[in-house]
Structure formats: C-alpha cells, structure tokens
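Asker: Residue numbers (my numbering): 754 to 1194. C-beta atoms are modelled at their ideal positions from N, C-alpha and C, and glycine is treated no differently. Note that this is a predicted model, so its numbers are computed, not measured.
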Amino acid sequence: MEDNNNDNNVCVIGLGYVGLTLAGYMAKHGLLVEGIEINPQVHAALAEGRAHFHEFGFDEVVQEVTRNGSLTASYALQPRDFNRIYIITVGTNINDVGAVNLEPIRQVSAGIAEAMRDGDMILLRSTVKLGVTRDVVKPILDQSGKRYDLAFCPERTLEGRALEELASLPQVVGGIDEHSAQRAKRLFERLTKEVVVVDSVEEAEMVKLVNNTDRDVMFAYANEVAMLCEVAGISSRNVIRAVNHNYPRSSVRFPGPVGGPCLGKDGYILAEGFADKPVHADIMITARRRNEELVNFTTRSVLEKAKARGLFARSTKVSVLGTAFKGRPETSDLRGSMVYQLLDAVRLFDPGLDIRVFDPVARRDEMEADGMVVEATLEAALKDAAVVFIQTNHINFENLNWSKYSHMLCEQAIVYDYWDNQRLGVYANSVAVTSLGNSAL
Ligand SMILES: NC(=O)c1ccc[n+]([C@@H]2O[C@H](COP(=O)([O-])OP(=O)(O)OC[C@H]3O[C@@H](n4cnc5c(N)ncnc54)[C@H](O)[C@@H]3O)[C@@H](O)[C@H]2O)c1
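1) List the endpoints of the continuous beta strand (DSSP E) containing R1109.
2) What does N762 pair with, by DSSP beta-bridge criteria?
3) Please confirm if the region 1110 to 1126 is in contact with the region 1174 to 1193, defined as three or more CB-CB distances below 8 angstroms between the two stretches.
4) Spell out a yes or no on whether the region 1000 to 1016 and the region 1042 to 1050 are touching, meaning 3 or more CB-CB pairs, one atom from each, closer than 8 angstroms.
5) Just verifying my parser: in three-state terms, what is the DSSP assignment at N757?
6) Using DSSP with H/G/I as helix, E/B as strand and the rest coil, what is T1084?
7) Can G769 be considered in contact with ligand 1, in the sense that its beta carbon sits closer than 6 angstroms to one or more heavy atoms?
8) Since L824 is in the beta strand (DSSP E), which residue starts that stretch and which ends it?
9) Shorter than 6 angstroms, the distance from the beta carbon of T845 to the closest heavy atom of ligand 1, or not?
10) With a threshold of 16 other CB atoms inside 10 Å of the CB of E931, please say whether the residue is buried or exposed.
11) Indicate whether A863 and I893 have their beta-carbon atoms separated by less than 7 angstroms.
12) Are the region 1150 to 1168 and the region 1129 to 1140 in contact at 8 angstroms, needing three or more beta carbon pairs?
13) Is any non-hydrogen atom of ligand 1 found closer than 6 angstroms to the C-beta of V890, if you look at the structure I gave you?
14) Looking at C-alpha atoms only, which residue of Y1000, E918, E955 is the closest neighbour of E947?
15) Could you tell me whether the Cβ atoms of R1062 and Q1165 are closer together than 7 angstroms?
16) Please find out if some non-hydrogen atom of ligand 1 comes closer than 6 angstroms to the beta-carbon of E918.
17) With DSSP as the reference, label L1194 as helix, strand or coil.
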C-alpha cells in the first residue's frame, strides 16, 4: 500500500485512562489528535483543561494541548478528507463469569470502517483476548472494501506514571502484515526510544496479557505463602525476608491486596482466549483467585479476632483507609480495587457493622455511587473505630503516629495494615497495630 501522508493525524477512540493519556502525549509530541468519547463527563473536564482522573503531571499537558488545538474532542466519528491513524482504546471489561465484553470494540470497528479512507491505519490498543485483532476487528474493517493497515500495539504503562512510561517503555507492535507493522513502528518511533516489532498481531496481544499475568502470579505466590504462614501461626514476612536474603535464586515478593483495572481482569481475558484450546491457563486463573481470596481470608480472620475480644460490643465502626486499587503511585482509580472484596467480607461477617472509608485521592462521588460511606479526613475515619484496615500503601498512611491516634480509637481496637508500613505494637488504649504476614494477632 502506498503511504500518501506523514501520519500526522490521529484519531483516538475512547478517552479513558489509556486513550486520554496517549492522546495528550501524542498531541504534546507534534501530532494532531482528535479524541472520540461518548461520556459527557470526559468532555466537561476537557473543556476545563483537565483530565477526568488523577494522573501525575497530566492536567498541565491537557491544558496545553487543548488550548493550542493539537487535541480536540468529539462525541462521534466523522469521515475526514485526509488520511489518519485510528487508535482504539475503549474498555474491555469482563462479566461475572470472567468473559470479556467485546461489544465496544465491535461497535468502534464498524464506525471506523464507515469513516475511514483508503490508506488509513487502525491500531488496536485495548487489552483483548488472543485473536481479536484478526478474528473480530479485521472482518469488520474488510466489509468496507477499503484498503487499510492494521496492527495491535498494547498499552503497558503504569497508572500514576503514564506520561513518564509512554516516553520510556519500549512499545510493542504486531502487524497484520509487514507493511502495517513497519508503519506502526514508524509512528511509535516518533514517541519513544525503542519499538519492538513482533511477528504477528497475536504475539503482540499475548505480550500484554503475559506481562500482567506474570505480575499477578508472582503476587499470588506471595499471598499464598502469607496465608499458609498465617494458619501455621508464623510470620510470612520473616520467612520471605530470610528466603530472599543473599540467596540469588529466590526473589519472593511481599504479600498484599492485588487488583485494579488490569490485573483484576487480564488473567481471565488470557484464559478465555484459550478456553477452546487443548491447553488452558490454569496457573493464571488459580493465581487470580488466590489474590481475590487473600482479602476475604484476612478480613474474616481479623474480624473474628475483634469479635473474640468483645470489641463490637463497644463499637461497631470498621474503617477502611485507601479505596483506590493501589496507593503507589497514587491514583483515584477504584476499578478492580480489592476494597470491594474487603467491604463484602465485612458485610458478610456482620451486616450490622458500620463501615466507613477514607481515601486521599479517590473521588467522593464515585465512592458514594458504589455505596461507600465516606469520611472526609483520616481522623474522622479513625474516631471510635473498632477495626481499621489499611488497604493501600498510599504515602499518607505510612508510619502513622499511633501514639497520637490510638486514643481516638475504641479501646482494644485492631489496626490491620496490609502493607506493613506501620510501627507494629500495642499502643495506649490497648490498641493493637499489626500487619498482613507479620504476626498472628
Ligand atoms: N487503565 C490502565 O492502566 C490500562 C493499562 C493498560 C491497558 N489497559 C486497557 O486499555 C483499555 C482501556 O482502558 P481504560 O482504563 O482507559 O478504560 P476506560 O473505561 O477508562 O476508558 C474507555 C473509554 O472509552 C469510552 N468509550 C466506550 N465506548 C465508546 C465508543 N463507542 N466511542 C467512544 N468512546 C467510547 C468510555 O466512555 C471510556 O471513557 C482496556 O482494554 C484496558 O484493559 C488499561
């Protein structure tokens, strides 16, 4: 296919965490970007020169590129009289049985098929199960009868460091053919230092899934060690420290809640792609379930100990510090957060418990929309609480001054830190501060 332009015009469809950061970054790096987004809240935030989510250093970029016109946003795709690159970044959520909803990708592909011109390029960047680029997107584009290039280029940035990582991480590119791969490679070479071209769209799809399931499995292993040590009455932190100490063949992670918009679902997406194949993703699915169980298991065990101390006769308040899916780098993103498992486990243990949450950056309206009772300050969350769970390792929750705070809590309260960031011990008011994997209560 002849290249008849310099690929300066890009259309990003789906301005969520991935699409908007990529669109802003590309606009900042000299491309003319039109974003397509159906959610009015995203447009309202952009009109104010900011993103609708918290991402370090990103609002300044949004302000600059929306003001100078290098990033514009529309509600719907329109045909243009110039060639461009379409990048699909809509969500790929899973349902209750772990099956991915491909409808947004189908709809957007059909919209592109209608709007595109001969010679355009389509890049799929949403995380998909194996085969979606070739078996779902390509047949829809083919129906248009137009000539086009097609590649899969996974998004691998870390929320909270997206801008930094868009510049520093290698971009992986897999084309439907060599021409597509090379054209996608040229685009990303304008944005980052290193582009890795793999042999097919399937290899590129698999790269994203393997990156994320690798992390999930690694953390699940640590969480399983923690759960085994807990029932054995020994400290998994001591065990893991000794395992790793000057021993070059082990690097076991420390345990903790593992979730989020990617790790919470990508194992299921990977597994679904192999459901009809002779080999299944058994390790990945078992790991995901282990990570989900950790929170139920520990929450129940802490609440049982609190009940045995007679704590709930004095106060029914249970507070959760940190609702986002992670604390570092900080994010306001609640999607896939293990806080939901934690809250469910508390409700299941005793529906009469009065559950409060506090998070330094998550949005109050989003937390409330999910049925959480939100406290405005750390102090308000701690006041009279019988049990406190520290769910994220946000910097505001590191090394809290329990000599000061223990007086605010209910007598004999339990503070349970999933991240081991506290000075553990028994404080005034007989408040016990402990952590996952450190010591049995
Ligand atoms: N969040 C991350 O850190 C991350 C990292 C790597 C990969 N991914 C993957 O990237 C994809 C997008 O993730 P996200 O976190 O940005 O999701 P998101 O839900 O934040 O964003 C998707 C956006 O697409 C919009 N949208 C849906 N249908 C549309 C349509 N027909 N036209 C225009 N806009 C439409 C939605 O309104 C939403 O704003 C997913 O497949 C995800 O797994 C996410």
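Answerer: Straight from the coordinates:
1) Taking the first residue of the sequence shown as position 1, residue 1109 is located at position 356. Segment 1107 to 1111, the beta strand (DSSP E) holding R1109.
2) As a working mapping, residue 762 is identified with position 9 in the sequence shown. DSSP output for N762 lists L785 as bridge partner(s).
3) no
4) yes
5) Along the sequence shown, read from residue 1 onward, the residue named residue 757 stands at position 4. Annotation note: pLDDT 48 at N757 (below 50); position unreliable, coordinate value reported separately. In this structure, DSSP gives N757 a state outside helix and strand, which the three-state scheme calls coil.
6) Residue mapping note: residue 1084 aligns to position 331 of the sequence shown, counting from 1. T1084 falls in the coil class under three-state DSSP.
7) Counting from 1 along the sequence shown, the entry for residue 769 is found at position 16. The answer is yes for G769.
8) For this step, residue 824 is matched to residue 71 along the sequence shown. 824 to 827 is the extent of the beta strand (DSSP E) around L824.
9) Within the sequence shown, the letter at position 92 stands for residue 845. For T845, the shortest C-beta to heavy atom distance toward ligand 1 is below 6 angstroms.
10) Within the sequence shown, the letter at position 178 stands for residue 931. It counts as exposed.
11) Taking the sequence shown and counting its residues from 1, the one referred to as residue 863 is at position 110. Taking the sequence shown and counting its residues from 1, the one referred to as residue 893 is at position 140. Contact annotation: A863 and I893 have beta-carbon atoms nearer than 7 angstroms.
12) yes
13) To locate residue 890, count along the sequence shown from 1; it is residue 137. The answer is no for V890.
14) Here residue 947 refers to the residue found at position 194 of the sequence shown. Ranking Y1000, E918, E955 by Cα distance to E947 puts E918 first.
15) For the purposes of this step, residue 1062 is identified with residue 309 of the sequence shown, where counting begins at 1. For the purposes of this step, residue 1165 is identified with residue 412 of the sequence shown, where counting begins at 1. Going by C-beta atoms, R1062 is nearer than 7 angstroms to Q1165.
16) The residue given as residue 918 occupies position 165 in the sequence shown. Checking every heavy atom of ligand 1 against the Cβ of E918, none is found closer than 6 angstroms.
17) Taking the sequence shown and counting its residues from 1, one reaches residue 1194 at position 441. Confidence is the limiting factor: at L1194 the pLDDT is only 49, short of 50, which leaves the residue's position unreliable, though a coordinate-based value still follows. In the structure shown, L1194 sits in coil (DSSP, three-state: anything other than H, G, I, E or B).
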